[in-house]
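Taking it in order: structure first as structure tokens, then the write-up.
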Amino acid sequence: IFVANITSVLNYLKSASKSTDASTPIANSPLPTPDPTLTSSWKKYTGDLGFNYDFQLLYPPNWKYSPGFDSPAVGVSNEKNAFFLLSVSNDFGCRSQINYTRKSLTTWLTLTESNILLADRSASQFFGRAKITGYSDPSANKEFDYKVILLPRSNICYDLSSIAYDDTTPQSKQFLDQILSTFKFLE
227 IFVANITSVL NYLKSASKST DASTPIANSP LPTPDPTLTS SWKKYTGDLG FNYDFQLLYP
287 PNWKYSPGFD SPAVGVSNEK NAFFLLSVSN DFGCRSQINY TRKSLTTWLT LTESNILLAD
347 RSASQFFGRA KITGYSDPSA NKEFDYKVIL LPRSNICYDL SSIAYDDTTP QSKQFLDQIL
407 STFKFLE
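For the record, in the sequence shown the residue sitting at position 35 is 261 according to our numbering, with numbers rising by one throughout.
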């Protein structure tokens, strides 16, 4: 159920057609560094999602792991209001995905784009506030903090995304950043 929900949320965000006044300044932005005192007892996910590059990330022991069901993806969640999803696609240099994120994620309320280093590679980061609209259930029409990181490796694009709703605790928001900071390729 979790992956179905997060995948539905992300697919909706990528296909929504509402226009916005979001701006896209480009800057360099540092990522949080892993905090070993926080992550030392975390669970470890290692895999390649059907592609040839193994990777690893850590996630809190009380968070739920779910494999993707309709695409090469994995997700972890506190099952309430904080979600992290990693998906992989064939996209040399993430060029298509970068353009798609800039132009198709039209539910962005605010948007900042930056260049970052992740797993010793250059990546593009998009972050800001977003909102899902168009659902009959009013509880689904909530704003949230949304982060998308697109990390190219050869002809493969790694899409690392996180969602934190307003009722997400500061600790869960910190966990989302720490999950991202633990991502690495296994050589």
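C-beta atoms are modelled at their ideal positions from N, C-alpha and C, and glycine is treated no differently.
With 16 as the cutoff for other CB atoms within 10 Å, does residue i come out buried or exposed?
i      : result
GLN404 : buried
GLU369 : exposed
GLU413 : exposed
THR395 : exposed
THR327 : buried
GLN351 : buried
TYR291 : exposed
LYS373 : buried
ASN316 : exposed
ASN341 : exposed
PRO251 : The pLDDT assigned to PRO251 is 43, lower than 50, so where the model puts this residue is not dependable; a value taken from the coordinates is nonetheless given after this. Exposed, by the Cβ-count rule.
SER267 : exposed
THR233 : Summary for THR233: the model assigns pLDDT 49, below 50, so the residue's position carries little reliability, and this model does not support an answer.
Compare the beta carbon distance of residue i and residue j with 9 Å and say whether it is the shorter of the two.
i      : j      : result
VAL314 : TYR271 : no
ARG355 : TRP334 : yes
PRO293 : LYS269 : no
TYR391 : ALA308 : yes
LEU406 : LEU257 : yes
Using only CA atoms, which one of the options lies nearest to residue i?
i      : options                        : result
THR259 : LEU343, SER398, THR395, VAL374 : LEU343
ASN381 : THR263, SER292, GLN282, GLY319 : GLY319
LEU377 : ASP392, ASP393, ILE324, TYR285 : ILE324
THR408 : ALA349, GLY273, LEU284, GLN397 : LEU284
GLY276 : LEU312, ILE389, PRO262, PHE353 : LEU312
LEU337 : ARG347, GLN282, PHE353, PRO262 : PHE353
TRP289 : ASN316, TYR372, PHE310         : PHE310
ILE389 : ARG379, CYS383, ILE375         : ILE375
LEU386 : ALA349, SER398, GLN397, ASN304 : ALA349
PHE281 : SER398, LYS399, ARG379, ASP393 : ARG379
ASP371 : CYS383, SER398, ALA345, ASP346 : SER398
Mind reading off the beta-carbon distance from residue i to residue j? Whole number of angstroms is fine, and I expect it under 8 Å.
i      : j      : result
TYR279 : PHE401 : Between PHE401 and TYR279 the Cβ distance is about 25 Å, and since that is not below 8 Å, they are no contact.
Distance cutoff 9 Å, beta carbons only. Does residue i sit that close to anything in chain D?
i      : result
ASP280 : The chain labelled as chain D is not found in the depicted structure, where only one protein chain is given.
Report the residue ranges of all alpha helix (DSSP H) runs contained in full by the stretch 354–407; include only those spanning at least 4 residues, in chain order. 396–407
In chain order, which beta strand (DSSP E) runs of at least 3 residues are fully inside the stretch 283–339? 290–293, 299–303, 308–316
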